[in-house]
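For reference, the structure discussed in these notes is given below.
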Amino acid sequence: MKLDELKNYWVAYDLKLNKNLQFNEAILRKINLEKSEKEMQKPLVFELAGIIIFTFLVAFAITFSIRFSYELHFNLTGLASALVSSVFLIFAFIKANKLVRIDYYNSSIIKLQKELTRLRILLIRLRRIELIMVPVLTNTILPITYKILYDINLYHNLKLFIIEVILILGISYPLGIWINKHFYDEKMKDAERLLKEIETYERQQ
Numbered sequence: 030m031k032l033d034e035l036k037n038y039w040v041a042y043d044l045k046l047n048k049n050l051q052f053n054e055a056i057l058r059k060i061n062l063e064k065s066e067k068e069m070q071k072p073l074v075f076e077l078a079g080i081i082i083f084t085f086l087v088a089f090a091i092t093f094s095i096r097f098s099y100e101l102h103f104n105l106t107g108l109a110s111a112l113v114s115s116v117f118l119i120f121a122f123i124k125a126n127k128l129v130r131i132d133y134y135n136s137s138i139i140k141l142q143k144e145l146t147r148l149r150i151l152l153i154r155l156r157r158i159e160l161i162m163v164p165v166l167t168n169t170i171l172p173i174t175y176k177i178l179y180d181i182n183l184y185h186n187l188k189l190f191i192i193e194v195i196l197i198l199g200i201s202y203p204l205g206i207w208i209n210k211h212f213y214d215e216k217m218k219d220a221e222r223l224l225k226e227i228e229t230y231e232r233q234q
């Protein structure tokens with residue numbers, strides 16, 4: 030084989046190898062981006078459910094306040110419950126909006142990683158506020174719920190009130206920690222890991 034023929038052969042082989050590498054990179058990028066997007070759909074579904082739940086709570090609390098406007102303590106409790114539920118609702122809207130606006134296919138991997146990092150920081154900040162507000166929501170929503178469902182005034186039955194608050198907080202805090210771990214922390218870590226694989230592969234090329 031002549032030298033020129035050998036050179037041409039290696040040039041053709043190199044071009045073919047580069048095309049294969051680019052093809053493999055494109056496949057890896059597509060698969061990992063799809064997986065990342067799928068991982069982040071689960072927190073989004075949870076936030077959309079939160080929007081529905083807290084919209085109902087706001088409407089419920091406002092309706093109750095109007096219905097019992099002649100009883101000041103229940104009226105104020107209803108308004109406080111509506112206010113706290115509104116904060117939860119706003120937070121759910123903020124988180125859902127951030128999750129929806131992540132552009133997986135028209136952004137660089139570095140930009141995606143930065144977006145997920147900023148989102149993680151935002152979620153941690155909102156989570157802290159939400160955990161502080163859980164007892165407030167519990168203490169304001171319970172009296173009006175018992176009044177509507179059972180016609181029981183919890184302000185005249187403090188023992189029952191305290192037991193209910195302890196039970197709800199005893200369930201809501203562990204449940205909240207579990208939800209944040211499995212629906213947020215793990216999913217975001219999985220998404221970041223998949224993006225990291227793409228970044229590592231691109232650097233090796």
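In this text, residue positions in the sequence shown follow this note's numbering: the first is 30, and each later residue adds one. All C-beta atoms in this analysis are idealised placements derived from N, C-alpha and C, irrespective of residue type, glycine included. Keep in mind the model is a prediction, meaning the values are calculated, not measured.
Just to check my reading of the structure: residue 170 and residue 110 have Cβ atoms closer than 8 Å, yes? What is that Cβ distance to the nearest angstrom? For the purposes of this step, residue 170 is taken as the residue at position 141 of the sequence shown. For the purposes of this step, residue 110 is taken as the residue at position 81 of the sequence shown. Rounded to the nearest angstrom, the Cβ distance from residue 170 to residue 110 is 5 Å, consistent with a contact under 8 Å.
Any contact between the stretch 69–84 and the stretch 113–125? By contact I mean 3 or more CB pairs, one from each, below 8 Å. Pairwise C-beta distances place the stretch 69–84 in contact with the stretch 113–125, as three or more of them are shorter than 8 Å.
Please report the straight-line C-alpha distance between residue 105 and residue 163, rounded to a whole angstrom. Your numbering for residue 105 matches position 76 in the sequence shown. Your numbering for residue 163 matches position 134 in the sequence shown. Going by the C-alpha atoms only, they are around 18 Å apart.
Run through DSSP, which three-state label would residue 93 get? The residue you call residue 93 lines up with position 64 of the sequence shown. Helix at residue 93.
Secondary structure of residue 214, DSSP reduced to three states: Start at 1 with the first residue of the sequence shown, and residue 214 comes out as number 185. Note: residue 214 maps to helix in three-state DSSP.
I'd like the span of the alpha helix (DSSP H) that includes residue 144, first residue to last. Here residue 144 corresponds to residue number 115 of the sequence shown, with the count starting at 1. 138–179 is the extent of the alpha helix (DSSP H) around residue 144.
Might you give, ordered along the chain, the residues of its own chain that have their beta carbon closer than 8 Å to the beta carbon of residue 52, omitting 5 neighbours on each side? For the purposes of this step, residue 52 is taken as residue 23 along the sequence shown, with counting starting at 1. Low per-residue confidence applies at residue 52: pLDDT is 45, beneath 50, and the placement is therefore not dependable, though the value from the model is reported in the following sentence. If we look at residue 52 and ignore the five residues flanking it on each side, it has no Cβ neighbours.
Under 9 Å, do residue 68 and residue 214 count as touching if we go by C-beta distance? Within the sequence shown, residue 68 is the residue found at index 39, counting from 1. Within the sequence shown, residue 214 is the residue found at index 185, counting from 1. With contacts defined by Cβ atoms closer than 9 Å, residue 68 and residue 214 do not form a contacting pair.
Can you give me the C-alpha to C-alpha distance between residue 80 and residue 185, rounded to a whole angstrom? As a working note, residue 80 is residue 51 in the sequence shown. As a working note, residue 185 is residue 156 in the sequence shown. About 33 Å.
Cα separation between residue 63 and residue 226? Mapped onto the sequence shown, residue 63 falls at position 34. Mapped onto the sequence shown, residue 226 falls at position 197. Rounded to whole angstroms, residue 63 to residue 226 spans 13 Å at the Cα level.
Distance, residue 205 Cα to residue 97 Cα: Numbered from its first residue, the sequence shown carries residue 97 at position 68. Numbered from its first residue, the sequence shown carries residue 205 at position 176. Roughly 32 Å separates the two Cα atoms.
Distance between residue 187 and residue 146 (C-alpha atoms, nearest Å): As a working mapping, residue 146 is identified with position 117 in the sequence shown. As a working mapping, residue 187 is identified with position 158 in the sequence shown. Using only the alpha carbons, I get a separation of about 45 Å.
Straight-line gap, residue 84 to residue 183 (C-alpha atoms, nearest Å): As a working mapping, residue 84 is identified with position 55 in the sequence shown. As a working mapping, residue 183 is identified with position 154 in the sequence shown. For residue 84 and residue 183, the distance between alpha carbons rounds to 24 Å.
So residue 198 and residue 167 are supposed to be a Cβ contact under 8 Å. How far apart are they, rounded? What you label residue 198 is simply residue 169 of the sequence shown in a count that begins at 1. What you label residue 167 is simply residue 138 of the sequence shown in a count that begins at 1. A Cβ-Cβ distance of about 6 Å is found for the pair residue 198 and residue 167, placing them in contact under the 8 Å criterion.
Residue environment, residue 94, which counts as buried when at least 16 other CB atoms sit within 10 Å: Position 65 of the sequence shown, counted from the start, is the residue given in the question as residue 94. Classification for residue 94: buried.
Could you spell out the range, first to last residue, of the alpha helix (DSSP H) harbouring residue 192? As a first step, residue 192 is located in the sequence shown; it is residue number 163 there, counting from the start. It spans 187–208 - the alpha helix (DSSP H) in which residue 192 sits, taken as one unbroken run.
Quick check: the Cα distance between residue 159 and residue 138, rounded to an integer number of angstroms? Counted from its first residue, the sequence shown places residue 159 at position 130. Counted from its first residue, the sequence shown places residue 138 at position 109. Straight-line Cα distance between these residues: approximately 31 Å.
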